[in-house]
Structures are given as structure tokens and as C-alpha cells.
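First comes the structure, then the notes that go with it.
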Amino acid sequence: MSDLNAFRQEIRTWLEQNCPESMRTPATPEDQVWGGRNIQFPCEDAKLWFDRCVEKGYCVPDWPLEYGGAGFDRKQTAIFKKEMARLGCRPPQVNLGIWMAGPAILEFGTEEQKREHLPKIARGEIRWCQGYSEPGAGSDLANVQTKAESDGDDYIVNGTKIWTSYADHSDWIYCLTRTDKDAKKQEGISFLLFDMASAGVEAKPIELITGETHFCQTFFDNVRVPKANRLGEENKGWTVAKRVLEFERNMMADLEATIAADPIVLSQLAKQHLGEDPQGRIADPILRQAIARNEINKRALDLAMPRMGAEFAEGVGDPSLGMILKYAGTEEEKLKYELALKITGAQGLGWAGEGFSEADIKLTRDWLGVKTHSIAGGTSEVQLNIIAKRVLGLPDQ
Ligand SMILES: Cc1cc2nc3c(=O)[nH]c(=O)nc-3n(C[C@H](O)[C@H](O)[C@H](O)COP(=O)(O)OP(=O)(O)OC[C@H]3O[C@@H](n4cnc5c(N)ncnc54)[C@H](O)[C@@H]3O)c2cc1C
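All the letters of the sequence shown, read from the start, carry residue numbers 850 to 1246 under my numbering.
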């Protein structure tokens, strides 16, 4: 038996013996365990699974042992992910630290920064949020205006970030700040890491039309940040920022595969609302075609996502794939909800009150909610621009 086969067998046996049965189904958002100072577990099995994985370094299997990982190389990590997927194991912990801050610290951090931050992420002790967007810097991200002014060994940070997901639940932030206002915009940015409990940080939740409060506007008022917390060189933060955006898109493939399937199946919804023709097909032929196309495309994407994740784990994936699948996946998801509304008609626009079931009201809110997916992590229009220029090599006009 080759070393890798023996490794696969070892992982398989460990997972079978240690992953509780109830952790082998896709997680709903409420089931997810977000690491952090205020970590909470939806049930005892989730805690058991988390504790066992932390002990083995399995929250971050590809990180080195000294930073809290399992020290797996690319091939071992790919096998580990495949075995987790084979059994349907949920991720023991979700955290922007695992997906984005940690990999950035691994690549750009000093030894001291690695020892300080990585083990805490691996053990689920610190939850991270992303301070990139500002009221005047979203798609044009290099336009960030939050200032970090030098003051001895520290920076003094002033400004505001917006759409900071879960800033009010996070412990640390990685943040793009301007350290040279006279340089070309990409060249005057520094990438800072700081504690959300620092004096002068305030996160104000923003209520979405769906009723959720997913993100915040985050204010910095003379926040003192040690220069030792800068990741990478001063004014070279744009390089780190772009790398983190790559991590963000690639992460979506992993996550997608572990989230509970959407309960709406368009073909069933259509038969329920529109009836069937004598052959047992959806009665409306035009909607029938659109639904079939959407279901086939979504199925193809469901198969492509984990394949991309496995390729990235083996280090052979094309970096532009993440962007392409992010664009295709989020647009197809929005189309699905538009079709759901066409099927249900006025009944699919329930907001509150009598005459609407819980499912009707949820459908309306989900229809609004999925619109955020093609904005978060870079809008569809911007993804198309980048694909056109960098992948297809079209002229920049
Ligand atoms: C659910 C969600 C979570 C988020 N979480 C975070 C987070 O944790 N941290 C964070 O920093 N940010 C976060 N964001 C912000 C997100 O990154 C930005 O909303 C996104 O980059 C778009 O920026 P904007 O909102 O400023 O829109 P704008 O950039 O102002 O864009 C407005 C419109 O103009 C279009 N547009 C802009 N430029 C071009 C162009 N060159 N060509 C064609 N069309 C263009 C856009 O596509 C869009 O339709 C989140 C957003 C959402 C929806």
C-alpha cells in the first residue's frame, strides 16, 4: 500500500470514529460554528466535533503543526477534504480567519505574527472580519480613504468601513488603510490587523430589507494600532489585499459544498402552483423550459464547485475559475428566485399578515436576500470586466 493510500485509510478511520452522526449532514446557517471569543455551539455534538478537530489541527489541516494545523501537504490536504466530503462531515469551525486572514498571515506575516495569530484561529479563539469596503471604495477598492498616520511605533487610524460582515460579532479585523495620500492609489495602502475591542472602534449594525443584520458600518476614531501589526511592508498592502480576494473566491467552493441545500425545488414548486399537463410535465411550457435550464445549470455548478475546491487543494486549479464560478453561481441563484416568483405570482410577494404562509414570506425574503450574493466579494459587472480583460485578453475599453 502506498503512503498516500495508508494516509487515506488513516483519515477515513479517524473520521468514521470521531465525526458524530449528526455532524454528517449539510449545515444550515444556524448550525455553523463560528470561532471567536464568544464561540457558541448549536448542540453538544457540534462541540465534541469541534474539540476533536482542534486537538488534531483539523480546522486548518494544511497549516504547519507549530501554528495549530495538521501539517498536511497539498496531496494529503486534498485527500483529507475528499474524505470529509465522502462522509458529508461539516466544517468543525467557520471563520474568516481560516479562509482569509490566516492564509494571508502565513504568506506575508513575520514569524512573530504567525505565532501570535495562527494558533488562535486554529483553536477557534478569535473571529476575524474584513475591513475593505468604504462608502466611496467598493468596486474601486484601491480608493480607500481610512487613514493610518504614523505616531512613533503606532499608527493612528481614522475613518469608516461599510458592509463589514459580522463586525459586531468579530474580535479582530484586517483592514485596508491609506498610509500615503500622495502616492498612486494602489501604492499608498497598508494592511493592518487590529483588535475590535481597541479604544475608538465602533461597529453599528445595518438592517437589511430581509430583516437580517448581516453587516455593519464600522467607525475608527483615533484607534491606536502598533506598527508591528502591519502585514507586509508599509504602502504595499494592495499586494496582500489582492491575494486575500483570491482566497475569498476560492473559499466559496469549499463552503458551498457544506451548506444545506436550498429547500426550494423549482420543478416541484411549479407543479404545485401551475399543475401538470397530461404527460405529467409542468403545465406552462415556457416556464418549464426556463426551469429545466436553471436546474441543469445549477446541477452542473454543484458538480463543478467541489471539483474546483479539490483542484485548488492540489495546487493545480486555474485562479480565474473561482471568479467565473462565482459569477455563474450567483447569477443562476438570482434567476432561480425570479422564476420562483413567476411561479407563485402575487403569493410569492408576501411580507406579513394573513393570507401568506411562512413559506410564502420566506420566499419573498430569500428572493431579496440572494441579490446580495452577486454583490458580495465583487459585483457581477466587475467580475465580468476582470474575466474579459485577464482571462479572455479583451482590450481595456
Ligand atoms: C452580503 C455582503 C457582504 C459583504 N461583506 C463585506 C465585508 O465583510 N467586508 C467588506 O469590506 N465588504 C463587504 N461587502 C461589500 C462588497 O465587497 C461591496 O458591496 C462590493 O465590492 C461592491 O461595492 P459597492 O457596494 O461600493 O458598489 P459600487 O462599487 O458603488 O457599485 C455600484 C454598481 O456599479 C457597478 N460598477 C461599479 N464599477 C463598475 C465598472 N467598472 N464597470 C461596470 N460596473 C461597475 C457595480 O457592479 C454595481 O452594480 C459585502 C457586501 C455584501 C452584499
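In this text, a Cβ means the ideal position worked out from N, Cα and C, and glycines have one as well.
Counting along the chain, no alpha helix (DSSP H) covers Cys892, and no H or E run does either. Beta-carbon to beta-carbon, Phe1043 and Leu1025 are separated by about 12 Å, too far to satisfy the 8 Å threshold. Annotation for Thr926: the continuous alpha helix (DSSP H) segment containing it runs 923-936. If you draw a straight line from the Cα of Glu983 to the Cα of Asn1099, it comes to about 23 Å. Straight-line measurement puts the Cα of Arg1130 at about 53 Å from the Cα of Val993. Relative to the Cα of Phe856, the nearest Cα in the group Asn867, Val1072, Phe921, Cys938 belongs to Phe921. DSSP places Gln866 within a helical segment (H, G or I) once states are collapsed to three.
Contact holds between the region 1057-1064 and the region 1004-1018, because three or more Cβ pairs, one in each stretch, are under 8 Å apart. Sixteen is the threshold: since fewer than 16 other Cβ atoms of the shown chains lie within 10 Å of the Cβ of Asn887, the residue is exposed.
No heavy atom of ligand 1 is found nearer than 8 Å to the CB of Trp1021.
Proximity of the region 906-924 to the region 1137-1151 falls short of the contact definition, fewer than three beta-carbon pairs being nearer than 8 Å. Contact annotation, Ile1192 with Leu1118: C-beta distance approximately 5 Å; criterion of less than 8 Å satisfied.
For Gln1035, the shortest separation between its Cβ and any heavy atom of ligand 1 does not lie below 8 Å.
According to the DSSP assignment, Tyr1176 belongs to the alpha helix (DSSP H) that extends over 1169-1193.
Asp1245 and Ile1173 have their C-alpha atoms roughly 19 Å apart.
Shown here, Asn1071 sits in a strand according to DSSP, grouped into three states. For Asn1234, the enclosing alpha helix (DSSP H) has its first and last residue at 1229-1235.
Ranked by how close their Cα comes to the Cα of Lys969, the residues Asp1000, Ala997, Trp912 have Trp912 in first place.
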